[in-house]
Structures are given as structure tokens and as C-alpha cells.
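Peer 1: Mind looking over this structure? Questions follow.
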Amino acid sequence: MVTDIEIAQQAKLQPITAVASKLGIREEELEPYGRYKAKLDQSLFDRLQDRPNGKLVLVTAINPTPAGEGKTTTSIGLGEAMGRIGKKAVIALREPSLGPVFGIKGGAAGGGYAQVVPMEDINLHFTGDMHAITAANNLLCAMLDNHIHQGNALHIDTRRILITRCMDMNDRALRSVVVGLGGKPNGFVREDGFCITVASEVMAIFCLASDMHDLKERLGRILVAYSVEGKPIYASDLHAQGAMAALLKDAINPNLVQTLENTPAIMHGGPFANIAHGCNSVRATQIALKLGDYCITEAGFGSDLGAEKFLDIKCRLTGLHPSAIVLVATDRALKYNGGVSKTDTAAPNMEALKKGIVNLGAHIDNMNQYGVPVVVAINRFNNDPEEELQYIGKYCHERGADFALSEVFAKGGEGGIAVAEKVVKACEQPNHFHFLYEGDSPLEDKISRIASEIYGAKDVVYTKKAKKALKEIKTLGGDKLPVCIAKTQYSLSDDPSLLGRPHDFTLHIRDLKLSNGAGFVVAYAGNIMVMPGLPKSPAAERIDVTDDGRIIGLF
């Protein structure tokens, strides 16, 4: 069987200048990073600011399972298929994180014959955006510790420092650390920790900033600590936002690449949807809407995480809303939700499908709540039983969602034509988009609304620590902001073992954090961690470079 990387390395790529010319992008509006990657200059945004937007299509999925769903693959294949039916589409995706690339999940460049390329570059260092975000975050941390070492004029309480260092790698040993050891020259001894770069507030800010001015304003509003008097200390109090923005000067411009079929794709930003808001950058989405008649974008993990945050956070902050929502699932993943082991999901099992399809039903119901037409795309495998596929289609139609089979993994754009035609049709249907909750409602009400109407929880409980954090956030005026619930991606609940459609469970909020610069409040549910660890057999063990510099083993 041909691997993803082998397919990608056999592709005939067009020079990025040729890809850009398809969209009417001028040479001076493009900053090439080699032959097949480029950044889009601010001058392009300025020139197109008055051009009408195309239609926004959001791709989401059911809860991820070991059987796989193929959300990014479907997004890419759908963009290619739109071109095959005569529609001008631009794909807008998130950048991969090195954590999953070397861990267990894999990259974020699609798969099979629906990939963005050059996939090795994209999945590794790409244009350096992740490194710039990491550097900006860690500069802020260094300036805070230096301020304390140099006399602590702001009276920062070293027991109440909120900002942590970050690294774009899965490294559980860095979750909780002690810094400042080695005596007076090395600063003050204090507890610290690392989060993965994609979970940092700097990443969230990077993805939500509209331009450089907005970026600097947001960076300055990061709540980094409290003083011994209980006063909030912001990044602007450390005069850090200017230097942080300087590190992000080039990174803030979106990246242009292409698919295997040379369809334009913009990749920019990459927060995790289980611990952040899970959407690509506002700038990437906005420029894609100006450049194409359709912008195909995705949100991370299932609709309970990425899509909810896309709709209630990103859309609220930008004024955008989707014309259609594509919900991706597989027959195998639904049977896994019905209790079948991963190794047995390929075998016919209508009983397991009927039991597990309630997970798909929950996600259809979730998206229907927002008033946007929904199309279910079943990512088809060659040996999926026809009877089971027909059952899924009937189930979708009974719940008010259109349905199509997707074969983009095996056939590229050709395999996505059925989905593309359904999406075009859905975009022309009446759209009654609305948010799940009012922006000025109390923070507890927002959390309760998401917990009950999206997750299916019967109630929400807060730890003592969470209650204290909630009180402090209200004092700072943060309770009027949108909420970003961080929880497991594997279940609608906060317990990853509860598959299908769990009912009557309790959502446990163990802590809350004000992401003041990003403009939302993070509520941590269950035991979700912001620094993942590597699995027993990480993907890194199988990745290598040949003597002539060719990367192998990368999926």
C-alpha cells in the first residue's frame, strides 16, 4: 500500500507563483519561502478589503476515534471537488503541531489523494510560525522572571504567576518544573511549567488578531500574574508586547500552499480544539473569503469542541458565519462508538452501527441548533457494507441533515463531487445562524448552556479552585467574554471512556483562566492537560531521513 508521504513525494507541484496567479495575487503581494510555499503580504489584504466575501463552509466531525474520521482529508478533497464542478474554492486550514506529528495522532496535511503539499515541510518546520509563537511566549516569561530578579518593582507575587513557558512538542516531564535553582545569579526559585505551544494564549491571540495593531493590543492585555497586593499584572506592564510582536512580524502573514491537484490552500495558526479554540487564523479565513467564491475551513476535533468554539467564539469576534456545515464521520467510527474494538470495525455489524450512530445524531443535533444547513459526509472505505451506508443516510435525513459519500482519500477531488454538490445546494438554503448563548450572560450560564445543550450533561459542578478563579475573573470583568471549555475530545462528556451519546452525567470544572488578550475564558473540565505526553510507541521512532535528504516514515 502506498503511504501518504510516498503519494505526496510523487506529486507534480506547481510553482507557488503559479498557484497564486490563479487567485489573482500579484507578485509583490507574495513572499516566497522556496518554490512551493509563500506568505501573503498585508498589501493583498489592503487591496481586497472592499471585495465581497465568498461563502464560508465549516467542516467538523464526530468525536475522534482510533478508527479515524478524516476531517482534514475531507476538507482538502472538498476544496478540490469544488473546482471540478466549476466553483472557485480556497481551502483554509490549521498548521500542524509537532506534538501530534511525533506522537500518535499524526500530522494535519490530509491523507491519501487529498493532501496539501509539500507535506513534509508543512508537518515539520513549515515557514517557522510555530517557532515564532513559541519564542514570543517564552520572551514574555523571560521578561517576567527578569523583572522579579531585577528588583520586582511591580511587586509580582511569585506564587501567583499565571503565564507558563511553552514548547511545540509532547513532553510530559515539563508539565510541572522548578526554575531559578542555582543561587542568586539564576533568579528566584519558583514553580513553573510548560504547555504545548498550540495551547498557549499567544497562539490564540495570533489566530484571532485582525492585523498587527490588533495583535499588539491583544498581546499587551495578557494577564501574566498578580501582585502581592492582589493587583492584576499584564504583559503591557512589563512592556513586552512590542518585542513579542516583532517576533511575530512575518508569522502573522498567512501561508499559501497547494493540494495534490494544485488547488490553492491557506494554512495559518493551529490551536488545539480540546484545550484551545481550535480554528485557523482570522486573517487566513478572511483573505480566503476574498479570494474565492467558497472558503472551505475546518475546526478541530468533534463539533462539541472545534465547531462550537468556531461558531460561538470566532464567529462572534469576527462577524462571520458559515453558509453550510459539513459533518464528517465513518461507518467504522460509528461502530466503534457502538462498542466494537478498532480491529473489528471493518466487519459488518449493523447492531453496533445502530448503537453507535447516536454519536452522529448528537453532532447533527448540535449543529442544527445554530440554524445552519448541515451536510453529513461519510468518509467511505472500500469494504464498507452498502446496507450500513444506506442506514446512515436514512438516519441523517430523518434528523434534517443532507448526506453524501466521500471517497477523496482514494480518488482525490473526483471522490468528493457528491459532497461538493450537496454543499453548494446547502449554501443556497435559508440560513438562520445564531449563537448558542448571549454574550452578556453570566459565565456560569454560558458553561451550563454548552454542557447541557451540546454535551448532554445534567449539571455542572465547580471545584473550590474553580470557584475562586471564577470570582477573580468576574472582578476583572471577564465574565462577559465567550467561554472556551477545555475537555477530552474522545467523548461528549469529560470522561473519555463514555462513548456514543452519554446522558445524565456531571461536567466537572476544575479551574478557569482568563485569556484576556485572546478575549475568552478557558474552563478546564475533567483531567484535560495542556501538555500532552508521547505514547508508548511514538511516531518519532519510525521517522527518518535517507542519505540524500529524503524524509521517510512521516505517515
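Position one of the sequence shown corresponds to residue 1 (full-length UniProt numbering), numbered consecutively onward.
Glycine included, every Cβ here is placed at the ideal spot set by N, Cα and C.
According to DSSP, simplified to helix, strand and coil, what is residue 264?
Peer 2: Judged by DSSP in its simplified three-state form, residue 264 adopts strand.
Peer 1: In the DSSP assignment, find the unbroken alpha helix (DSSP H) run with residue 426 in it and report its ends.
Peer 2: 417-427
Peer 1: Hey, how far is the Cα of residue 394 from the Cα of residue 512?
Peer 2: 41 Å
Peer 1: Do residue 433 and residue 321 have their C-beta atoms within less than 8 Å of each other?
Peer 2: yes
Peer 1: Check the DSSP bridge columns for residue 90 and list the partner residues they point to.
Peer 2: 295
Peer 1: What does the alpha-carbon distance come out to for the pair residue 92 and residue 181?
Peer 2: Cα-Cα distance, rounded: 45 Å.
Peer 1: In the DSSP assignment, find the unbroken beta strand (DSSP E) run with residue 559 in it and report its ends.
Peer 2: In this structure the chain extends from 1 to 555, so residue 559 is not present and cannot be described.
Peer 1: Are the beta-carbon atoms belonging to residue 234 and residue 160 less than 8 Å from one another?
Peer 2: no
Peer 1: Pull up the DSSP beta-bridge partners for residue 165, would you.
Peer 2: 194
Peer 1: DSSP three-state call for residue 547: helix, strand or coil?
Peer 2: coil
Peer 1: Can you check the stretch 120-192 for any beta strand (DSSP E) of at least 3 residues that lies completely inside it and give the ranges in chain order?
Peer 2: 156-161, 165-167, 177-179, 190-192
Peer 1: Looking at residue 207 and residue 295, is the spacing between their C-beta atoms short of 8 Å?
Peer 2: no
Peer 1: Output the distance between the C-alpha atoms of residue 519 and residue 210, rounded to the nearest integer angstrom.
Peer 2: 13 Å
Peer 1: Starting from the C-beta of residue 240, find all residues in its chain whose C-beta is less than 6 Å away, skip the five residues before and the five after it, and write them out in chain order.
Peer 2: 140, 143
Peer 1: Taking 8 Å as the threshold (C-beta atoms), are residue 223 and residue 443 in contact?
Peer 2: No, the Cβ-Cβ distance between residue 443 and residue 223 is not below 8 Å.
Peer 1: First and last residue of the beta strand (DSSP E) that includes residue 511?
Peer 2: 506-515
Peer 1: May I ask you to list the residues that DSSP assigns as paired with residue 60?
Peer 2: Paired residue(s): 327.
Peer 1: Using CA atoms only, rank isn't needed, just tell me which of 199, 316, 356, 215 is closest to residue 370.
Peer 2: 316
Peer 1: For residue 27, does the three-state DSSP call read helix, strand or coil?
Peer 2: helix
Peer 1: Among all the DSSP beta bridges, which residues are the ones paired with residue 55?
Peer 2: 294.
Peer 1: Confirm, please, whether the CB-CB distance from residue 112 to residue 73 is below 8 Å.
Peer 2: Cβ distance < 8 Å, so residue 73 and residue 112 count as in contact.
Peer 1: In the DSSP output, what is residue 402 paired with across the bridge?
Peer 2: 375
Peer 1: Are the Cβ atoms of residue 573 and residue 287 separated by less than 8 Å?
Peer 2: Nothing about residue 573 can be read from this structure; the chain reaches only from 1 to 555.
Peer 1: Taking all protein chains shown into account, decide if residue 281 is buried (16 or more other Cβ within 10 angstroms of its Cβ) or exposed.
Peer 2: buried
Peer 1: With residue 328 and residue 270 assumed to form a contact (beta carbons below 8 Å), what rounded beta-carbon distance in angstroms separates them?
Peer 2: About 19 Å; that fails the 8 Å criterion.
Peer 1: Answer yes or no: do residue 96 and residue 123 have a C-beta to C-beta separation smaller than 8 Å?
Peer 2: yes
Peer 1: Assuming contact is defined by CB atoms lying nearer than 8 Å, are residue 264 and residue 324 in contact in what I supplied?
Peer 2: no
Peer 1: Give me, in chain order, the residues of the same chain whose beta-carbon lies closer than 6 Å to that of residue 499; leave out the 5 immediate sequence neighbours on both sides.
Peer 2: 337
Peer 1: Kindly indicate the opening and closing residues of the alpha helix (DSSP H) around residue 100.
Peer 2: 98-102
Peer 1: Below 8 Å, can you find three or more Cβ-Cβ pairs linking the stretch 74-89 to the stretch 404-420?
Peer 2: yes
Peer 1: Spatial neighbours of residue 20 within its chain, please: CB distance less than 7 Å, with the 5 preceding and 5 following residues excluded, ordered by chain position.
Peer 2: 30, 38, 256
Peer 1: In terms of residue numbering, what span does the alpha helix (DSSP H) encompassing residue 45 cover?
Peer 2: 42-48
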